[in-house]
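>
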Amino acid sequence: MRLLFEIGMEELPARFLNQALKDLKNNLEAKLKDGRISFKDIKTYGTPRRLVLDVHELEEQQEDLNIVNMGPAKNVAYGSNGEISRAGLGFAKSQGIEAEDLEIVSTPKGEYIAARKFMKGKETKELLPEILKSLVLELNFQKSMTWSDKKLRFARPVQWFLALCDNEVVKFEIEGMESGNKSRGHRFFGKEFEVNTIDEYFERIRENNVIIDIEERKALIKKLINENCTNSGEQVLVEDELLDEVTNLIEYPCPIVGSFNSDFLEVPQEVLIISMEVHQRYFPILDSNGKLLPKFVVVRNGVETSEQVRKGNEKVLSARLADARFFYQEDLKSPLADNIEKLKTVVFQKDLGTIYSKIERATEIAKYLIDTLGYNDRKDSILRTVLLAKADLVSNMIGEKEFTKLQGFMGADYALKSGEGEKVSLGIKEHYYPRFQGDNLPTELEGIVAGISDRLDTLVGCFGVGVIPSGSKDPFALRRAALGIVNVILNSGLDISLKALTEKALDALQGCGVLKRDRETVLAEVLEFFKQREMNIFTEMKYSKDIVTAVLNTNSDNAVEALEKIKTLETFAKEEAFETLLPVLKRVGNISKDHEKGIINQDLFKEPVETELYNFSLELNSKVIDALNNKDYNRYLQAIVSGKDIINRYFNEVMVMDKDENVKNNRLSQLKFLADLFIKMADLNQIEER
């Protein structure tokens with residue numbers, strides 16, 4: 001059988017559509033599974049006015065239920081006189097059957113009572129009405145509403161249900177709204193229609209100018225824009241996020257090219273693009289060099305172009321751009337640095353004080369980075385960047401909440417026009433990088449240091465006052481902040497200790513009296529938080545999880561060093577010599593893991609191989625220290641591998657757990673000394689055999 005279910009409603013917000021379809025599909029899959037109804041697959045379709053489920057190869061009947069539930073042993077369920085006990089009666093009651101219906105089942109462990117349940121599967125069509133009704137009633141949205149005299153809560157008023165199983169209507173009713181075989185086409189270019197088969201639905205919906213497949217609708221938007229909206233040397237800027245939103249706003253696309261006064265181009269094009277994309281959902285048109293042209297594309301929800309629609313959108317956009325130009329011109333009337341004083345009145349977080357206080361703490365962190373990394377020749381420009389990095393937050397452009405996406409960019413533009421240096425300007429913009437996964441990373445020291453300092457103060461400050469991410473709650477985006485810090489450190493190759501950085505941030509918090517929690521607890525929590533972010537980054541780089549874990553469990557303090565160790569170990573772990581050594585390493589680690597390190601007494605050696613292993617261990621210790629001091633991780637691993645034969649011989653010729661307690665402990669101390677060398681670079685015991 002095939003099932004088609006359509007929920008028709010007033011226009012759904014674009015951001016609700018994909019999640020609603022996902023939730024409907026998951027819920028239906030769960031209900032069919034729980035109801036013992038098999039199916040091949042479920043396809044989803046959606047537009048602002050409809051949510052559609054298409055179920056293929058739906059089984060006509062539930063699977064029969066035939067199960068045996070085991071109860072207590074027979075001698076517990078029945079007394080010596082053969083009468084059923086309280087335990088037997090309790091089990092029968094729990095299974096919903098009479099005592100005389102209990103069975104005796106023989107098992108390898110003896111005889112037990114059991115309850116057999118057999119239920120003949122019902123016809124699927126008999127169960128579908130309640131299933132479909134519950135899908136509607138259980139669907140949740142970020143925001144729901146009621147309307148008219150209905151108690152049903154939904155994102156927008158529901159107007160119809162179409163429910164067909166093969167050629168039959170699946171009848172159900174919710175507050176007077178009955179399911180049927182009628183649907184509605186495009187609001188302006190379609191009409192209500194009736195269908196008798198599922199295939200007919202797909203034909204008629206398209207005839208009524210609705211493309212229900214989201215991916216097909218998206219592809220058509222791009223195709224029509226490319227074919228109809230550009231002249232030679234022009235390109236339409238189609239951002240994926242905006243394309244997804246526009247796709248979910250329409251049922252049939254009709255791109256229309258509009259224009260605006262070229263005088264607005266005196267405003268930075270990023271401002272104009274934000275106005276078009278975010279505020280109006282228009283696609284900007286650029287020339288072949290990426291420069292904005294005074295043109296845009298609006299995607300109408302319709303099948304034909306309209307001069308009236310074009311003029312209306314041009315008028316609305318002109319008003320938006322006029323606001324942007326006014327804000328921009330007002331901001332240029334005073335230097336960017338004049339905004340710093342205003343930051344003293346802007347609260348960052350109630351326990352951490354103002355944005356100005358945050359800048360002061362970030363400055364202390366930046367000074368530490370400058371000194372530690374040897375950036376003194378750029379000290380003035382770096383500290384100037386830190387000072388001005390947040391100054392645009394109180395500008396008209398950003399402060400009016402119209403163009404918040406341009407934080408940093410506007411600051412960079414205003415800085416240049418205020419006479420600040422190019423490096424400071426670039427640093428103001430780049431200190432926000434990366435803003436999201438896959439975003440650009442800062443290229444100059446000003447942005448690198450300012451970005452790390454700002455994020456670190458946010459991260460450690462929030463942990464310091466108890467604002468810690470929990471589940472999906474992360475109001476200050478601390479996970480993103482930590483990821484940003486690690487990614488910037490890795491991309492810039494900074495030889496820096498995360499612990500030392502965190503200590504410096506804690507010093508700054510204590511210095512201004514806002515640290516509310518125990519310092520050592522906060523330090524440990526932040527370092528573990530960094531470690532988890534490093535784990536995510538390195539595994540996303542496609543390094544083996546066991547190798548990443550082996551390295552980070554030993555030392556996650558220096559991200560650049562950790563990455564080099566992972567790279568080296570990833571390659572080395574594939575070599576045959578290392579493969580054959582792994583079991584030996586693990587044997588050494590396992591046998592000595594609970595032993596306290598002690599002094600090795602050569603006088604207690606009984607076998608020549610014990611002396612050989614002792615001399616090898618001393619030599620290996622020297623090689624390991626030298627290799628790690630020089631960050632030559634390959635040489636470290638080669639030195640470890642060189643002991644494979646002698647360690648194997650040791651285990652073949654020596655009984656470690658000797659009856660003499662002194663000899664046993666001496667041998668365990670020797671192995672413990674060796675095991676400690678195996679975890680200097682990474683906990684090699686964590687590595688799985690390839």
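In terms of full-length UniProt numbering, the sequence shown is residues 1 to 690. In this text, a Cβ means the ideal position worked out from N, Cα and C, and glycines have one as well. Fair warning: this is a prediction, and the values are worked out from it, not measured in the lab.
In this structure, does DSSP put His279 in helix, strand or coil?
Reduced to three states, the DSSP call for His279 is helix.
> How far does the beta strand (DSSP E) with Ile389 in it extend, from its first residue to its last?
Going by the sequence as given, residue 389 is Ala instead of Ile. Per DSSP, Ala389 belongs to no beta strand (DSSP E) and is neither H nor E.
> So, are the CB atoms of Val624 and Tyr650 less than 9 Å apart?
No, these two residues do not count as a Cβ contact at 9 Å.
> I'd like to know whether the C-beta atoms of Met535 and Val514 end up nearer to each other than 9 Å.
Contact: no.
> Give the secondary structure of Arg480 by DSSP, where H, G and I count as helix, E and B as strand, and everything else as coil.
Residue state, collapsed to three classes: helix.
> Does the distance from the CB of Lys672 to the CB of Thr554 come in under 9 Å?
No, Cβ-Cβ distance for Lys672 and Thr554 is not below 9 Å.
> Do Val656 and Ile591 have their C-beta atoms closer together than 9 Å?
It is a contact, given that the beta carbons lie within the stated cut-off.
> Check whether the stretch 333 to 351 touches the stretch 478 to 497, counting contact only when three or more Cβ pairs, one atom from each stretch, lie closer than 8 Å.
Result no; under three Cβ-Cβ pairs closer than 8 Å.
> Counting only the same chain and skipping the five closest in sequence on each side, list residues whose C-beta sits under 8 Å from that of Ser262.
Taken in chain order, the residues that qualify are Pro294.
> So Leu53 and Leu24 are supposed to be a Cβ contact under 8 Å. How far apart are they, rounded?
Between Leu24 and Leu53 the Cβ distance is about 6 Å, and since that is below 8 Å, they are a contact.
> What is the C-beta distance between Ile496 and Leu373, in whole angstroms, given that I count them as a contact (C-beta under 8 Å)?
Yes, they are in contact, since the Cβ atoms of Ile496 and Leu373 sit about 7 Å apart, within 8 Å.
> Using a 10 Å radius around the Cβ and a threshold of 16 neighbouring Cβ atoms, would you call Pro583 buried or exposed?
Exposed is the call here.
> If you reduce the DSSP assignment to three classes, tell me which class Asn396 lands in.
Residue state, collapsed to three classes: helix.
> I'd like the list of long-range same chain contacts for Leu668, defined as Cβ closer than 6 Å, with 5 residues on each side in sequence excluded.
So the qualifying residues of the chain are Ser592, His595.
> So the candidates are Glu251, Leu286, Val303, Gln95; which of them puts its Cα closest to the Cα of Thr230?
Taking only the C-alpha atoms, the option nearest Thr230 is Leu286.
> Going by beta carbon distance, what residues of the same chain come within less than 6 Å of Gly79, once the five residues before and after it are set aside?
So the list reads Ser85, once near-sequence residues are dropped.
> Taking 9 Å as the threshold (C-beta atoms), are Ile7 and Arg36 in contact?
For Arg36 and Ile7, no; Cβs fall outside 9 Å.
> Considering only C-alpha positions, which residue in the set His431, Glu444, Ala391 is nearest to Phe418?
A small correction: the amino acid at residue 418 is Ser; Phe does not occupy that position in the sequence shown. When only C-alpha atoms are compared, the closest one is Ala391.
> Which residues in the same chain have their Cβ closer than 7 Å to the Cβ of Leu298, if we skip the five residues on either side of it in sequence?
Leu is not the amino acid found at residue 298; the sequence shown has Val there. Excluding sequence neighbours, Val298 sits near Ile256, Gly258, Tyr282, Asn313.
> Starting from Thr568 and walking both ways along the alpha helix (DSSP H), at which residues does that stretch end?
Residues 559 to 572.
> Tell me the DSSP bridge mates of Asn301?
According to DSSP, which records beta bridges pairwise, Asn301 is partnered with Pro253.
> Can you name, in chain order, every residue of its own chain whose Cβ lies under 6 Å from the Cβ of Phe118, other than the five neighbours on each side?
Cβ neighbours of Phe118 beyond the five flanking positions: Asn66.
> Helix or strand or just coil, what does DSSP make of Asp149?
In this structure, Asp149 counts as coil in the three-state DSSP scheme.
> Terminal residues of the continuous beta strand (DSSP E) containing Ser183?
Start and end: 182 to 184.
> Candidates Gly176, Ala77, Ala505: which alpha carbon is nearest Leu352's?
Among Gly176, Ala77, Ala505, the Cα nearest to that of Leu352 is on Ala505.
> Which residues mark the beginning and the end of the alpha helix (DSSP H) in which Glu200 is found?
From DSSP, the alpha helix (DSSP H) with Glu200 extends over 198 to 207.
> For Met681, which of helix, strand or coil comes out of DSSP?
If DSSP states are grouped into helix, strand and coil, Met681 belongs with coil.
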